[in-house]
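Line by line, the protein sequences are chains A and B.
0 is the number of the first residue of the first sequence in numbering that gives the first Met the number 0; add one for each residue after it.
0 is the number of the first residue of the second sequence in numbering that gives the first Met the number 0; add one for each residue after it.
A short worksheet on the structure shown next.
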Amino acid sequence: MPDAIQVLDVSKKFAGRTVLDGVRLDVIEGETLVILGGSGSGKSTLLRLMIGNLRCDGGDIIVHQSKSLASLSGLELDEYRKSIGVLFQSGALFNSMSVADNVALPLREHTDLPEETIEIMVKIKLELVDLREHADKMPAMLSGGMKKRAGLARAIALDPKILFYDEPSAGLDPVTSAEIDQLIIDLNRKLGVTSVVVTHEMDSAFRIADRMVLLDQGKFVAAGTAQQMRDSTDPLVHQFVHGLADGPLTDRRRAGGYELDLLGT
Amino acid sequence: MNVLLRPIRNVGDRALGFLEFIGGLGYLLRDTAVSAPRGLLARRGRRVGWQNLWAQMVRVGVRSIPIVMLVLFCIGAILTLQMGPILKRYGALAEVADIISIATFRELGPLVSAIVLTGFAGASIAAEIGTMVVSEEIEALEAEAISPIRFLVLPRLIATTCMMICVAVVGDITGILGGLTVSHLVLRIGGHQYITHTFDAIKVRDFVTGLIKAGVFGTLISGLACYLGLGVTGGAQGVGVATTRTVVLTIVALISVDLLFTSTFYYFGW
Numbered sequence: 000m001p002d003a004i005q006v007l008d009v010s011k012k013f014a015g016r017t018v019l020d021g022v023r024l025d026v027i028e029g030e031t032l033v034i035l036g037g038s039g040s041g042k043s044t045l046l047r048l049m050i051g052n053l054r055c056d057g058g059d060i061i062v063h064q065s066k067s068l069a070s071l072s073g074l075e076l077d078e079y080r081k082s083i084g085v086l087f088q089s090g091a092l093f094n095s096m097s098v099a100d101n102v103a104l105p106l107r108e109h110t111d112l113p114e115e116t117i118e119i120m121v122k123i124k125l126e127l128v129d130l131r132e133h134a135d136k137m138p139a140m141l142s143g144g145m146k147k148r149a150g151l152a153r154a155i156a157l158d159p160k161i162l163f164y165d166e167p168s169a170g171l172d173p174v175t176s177a178e179i180d181q182l183i184i185d186l187n188r189k190l191g192v193t194s195v196v197v198t199h200e201m202d203s204a205f206r207i208a209d210r211m212v213l214l215d216q217g218k219f220v221a222a223g224t225a226q227q228m229r230d231s232t233d234p235l236v237h238q239f240v241h242g243l244a245d246g247p248l249t250d251r252r253r254a255g256g257y258e259l260d261l262l263g264t
Numbered sequence: 000m001n002v003l004l005r006p007i008r009n010v011g012d013r014a015l016g017f018l019e020f021i022g023g024l025g026y027l028l029r030d031t032a033v034s035a036p037r038g039l040l041a042r043r044g045r046r047v048g049w050q051n052l053w054a055q056m057v058r059v060g061v062r063s064i065p066i067v068m069l070v071l072f073c074i075g076a077i078l079t080l081q082m083g084p085i086l087k088r089y090g091a092l093a094e095v096a097d098i099i100s101i102a103t104f105r106e107l108g109p110l111v112s113a114i115v116l117t118g119f120a121g122a123s124i125a126a127e128i129g130t131m132v133v134s135e136e137i138e139a140l141e142a143e144a145i146s147p148i149r150f151l152v153l154p155r156l157i158a159t160t161c162m163m164i165c166v167a168v169v170g171d172i173t174g175i176l177g178g179l180t181v182s183h184l185v186l187r188i189g190g191h192q193y194i195t196h197t198f199d200a201i202k203v204r205d206f207v208t209g210l211i212k213a214g215v216f217g218t219l220i221s222g223l224a225c226y227l228g229l230g231v232t233g234g235a236q237g238v239g240v241a242t243t244r245t246v247v248l249t250i251v252a253l254i255s256v257d258l259l260f261t262s263t264f265y266y267f268g269w
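Encoded structure:
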């Protein structure tokens with residue numbers, strides 16, 4: 000299968016601090032790739048680079064086999080954005096609009112469909128995420144899981160080719176988290192999209208991933224299938240994937256110069 | 000760093016920060032102007048709908064009218080009470096209407112209305128947009144290929160500018176009424192005499208220059224509020240900081256721009 004996205008030696012700095020350092024990975028068309036990493040590993044920044052909300056300082060991201068995100072004009076970037084869907088960590092629903100209007104917004108903005116057709120399409124999208132009966136509710140009236148499902152319905156409104164998920168299970172109870180995971184799997188199968196999921200929840204990652212990539216301190220560490228990652232002998236991968244308290248990740252934190260900080264010398 | 004050089008560096012940093020701020024605000028206003036044709040003329044769904052615009056106008060303008068009326072009525076009354084004894088000493092008591100009308104139409108009407116609107120519209124726009132930044136709504140708009148400038152800034156800018164002009168007219172009339180009431184009740188100037196003096200004193204250019212100021216003030220209020228709201232960082236605390244900065248900076252900017260306008264009008268004899 001061809002690559003849907005190629006991340007080529009991408010670097011990104013914020014205020015002189017390197018957040019991503021020469022990251023290289025491929026997302027194969029039709030797969031669900033999970034990008035793993037602890038807090039501050041650069042995984043959310045990588046997602047923002049892939050959706051075009053940030054620009055790379057170095058390297059490039061090639062999408063749909065030909066388009067270089069670094070060289071796209073504003074209009075071309077908008078065209079690319081219409082071909083993708085993004086579920087943000089909080090759902091990012093527009094609080095002044097009902098759930099139905101949230102889902103209808105991309106259709107009203109980017110298509111010439113009549114309002115009656117848009118209403119039908121909104122119902123179809125909401126049915127896919129099991130929220131049809133909540134169409135008229137305002138986002139403030141929804142639970143955390145419902146907000147994410149509504150955000151997902153909006154993300155798939157324009158039938159995207161690639162879906163990006165930023166921490167889809169964050170802040171949810173285990174059952175709701177499992178429901179969202181199942182929804183991601185179902186949508187992938189029903190819509191035939193490519194999915195890129197950023198998370199640090201290993202249970203969720205193992206449920207949905209075709210392949211996984213681990214980032215640490217802005218650098219690529221390892222990639223492989225769920226089984227390959229589970230069986231990895233790399234100490235860093237082993238500690239992260241199995242959620243162990245001892246290992247190179249915690250050793251590094253312990254060696255963080257505490258004495259130096261206390262004594263100020 | 001050398002202790003002697005530190006103050007110079009601080010002044011330089013502040014000057015650069017100020018220029019960056021002005022430049023950023025200028026870019027925002029330019030981008031809003033560029034997005035205006037599509038926002039106003041595109042087909043339904045993509046354009047800034049009347050419903051959306053009307054909702055913004057009600058939010059920023061209509062609700063502030065009672066406060067503007069109250070404040071300007073009081074200012075008209077206070078000014079009359081202050082000017083009355085002085086003018087009486089020169090035997091020109093009836094001239095109080097001339098002073099009140101020119102001061103209100105040219106200066107106080109637009110400026111005081113703008114300051115009230117800063118509290119109503121500026122603070123609420125900055126808080127609303129800042130909250131949208133924190134809750135990733137702005138990022139979501141960009142990810143949906145929807146320009147936040149066209150979708151959020153343009154309707155607020157148009158609504159605030161239009162409503163600022165309307166509110167200033169209401170404020171002007173109320174200020175005159177405040178002066179009229181006190182003149183009649185305290186200074187014993189006849190209502191007819193007061194109104195005749197007012198119409199004699201006011202020229203079309205006094206009214207127009209006031210309205211030009213009001214329009215610019217409206218753009219300034221919403222432009223600053225949107226710019227500071229979009230620049231929010233650091234969660235809920237950042238929203239609070241942006242809201243406070245919006246009110247303070249807008250009032251400073253309004254008075255500075257007013258001085259600039261008045262100096263220009265004075266220079267050209269308008």
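Think of the CB as a built atom: it goes at the ideal place given N, C-alpha and C, for glycine as much as any other residue.
Quick caveat, the model's predicted, so the values are computed rather than measured.
State the Cα-Cα distance for the pair A:S168 and B:I250, rounded to the nearest angstrom. 45 Å
Keeping to the same chain, check which residues put their C-beta closer than 6 Å to that of B:V132; ignore five residues upstream and five downstream. V231
Contact list for B:E136 against chain A, beta-carbon separation under 8 Å: A91, L92, F93, N94
Alpha carbon to alpha carbon, how far is A:M228 from A:G246? Give it in angstroms, no decimals. 16 Å
B:Q50: first and last residue of the uninterrupted alpha helix (DSSP H) it sits in: 49 to 59
Mind listing which residues of the region 136 to 160 of chain B have their C-beta closer than 7 Å to chain A's C-betas, in chain order? E136, E138, A139, E141, A142, E143, A144, I145
Can you have a look at A:H241 and say buried or exposed, based on whether 16 or more other CB atoms are within 10 angstroms of its CB? exposed
Rounding to the nearest angstrom, what Cα-Cα distance links B:I201 and B:T245 in this structure? 34 Å
Could you please give the first and the last residue of the uninterrupted alpha helix (DSSP H) stretch that includes A:A99? 98 to 109
Closer than 7 Å, Cβ to Cβ, to anything on chain B: give me those residues from the region 65 to 82 of chain A, in chain order. D77, R80, K81
Closest Cα partner of B:G108 within the set B:T130, B:I64, B:G25: B:I64
Members of the region 36 to 50 of chain A near chain B, C-beta cut-off 7 Å: I50
Would you say A:E108 lies against chain B (beta-carbon separation less than 8 Å)? yes
Taking the alpha-carbon of A:S194 as reference, which of A:T175, A:P173, A:F163, A:V98 has the nearest alpha-carbon? A:F163
Taking one C-beta from the region 66 to 86 of chain A and one from the region 126 to 142 of chain A each time, how about it: are there three or more such pairs within less than 8 Å? no
Below 8 Å CB to CB, which residues in the same chain sit around A:K146 once its five sequence neighbours on both sides are set aside? S89, G90, L92, P138
Counting C-beta neighbours from all protein chains within 10 Å, is the total for B:Y226 16 or more, i.e. buried, or is it exposed? buried
Mind checking the region 125 to 152 of chain A against chain B and listing, in chain order, the residues whose C-beta falls within less than 9 Å of any C-beta there? G150
If you follow the beta strand (DSSP E) that A:R16 is part of, which residue opens it and which one closes it? 16 to 27
Return the bridge partner residues of A:V62 from the DSSP annotation. A:I4, A:K66
Selected residue, minimal CA-CA separation from A:L235, among A:L7, A:L32, A:I27, A:G37: A:G37
Less than 8 Å between the CB atoms is what I'm expecting for B:G228 and B:A125, so what's the real figure, rounded? 4 Å
Report the residue from A:E126, A:R107, A:L125 whose alpha carbon sits nearest the alpha carbon of A:I117. A:R107
Span of the alpha helix (DSSP H) holding A:S194? Careful: A:S194 lies outside any alpha helix (DSSP H), inside the beta strand (DSSP E) at 193 to 198.
Start-to-end residues for the beta strand (DSSP E) that takes in A:D220: It is worth fixing the name first, because residue 220 of chain A is Val in this sequence and not Asp. 218 to 223 is the extent of the beta strand (DSSP E) around A:V220.
Starting from A:V212, find everything on chain B with Cβ-Cβ shorter than 9 Å and list it in chain order. Those do not exist, as A:V212 stays about 21 Å from chain B at its closest Cβ, beyond 9 Å.
Straight-line gap, B:L184 to B:A32 (C-alpha atoms, nearest Å): 49 Å
Under three-state DSSP, which class holds B:Y89? coil
Where does the unbroken alpha helix (DSSP H) through A:D185 begin, and where does it stop? 173 to 190
Check whether chain B comes within 8 Å of A:F13, counting only Cβ atoms and requiring the distance to be less than that. no
How long is the line joining the alpha carbons of B:W49 and B:T208, rounded to whole angstroms? 28 Å
In three-state DSSP terms, what is A:M120? helix
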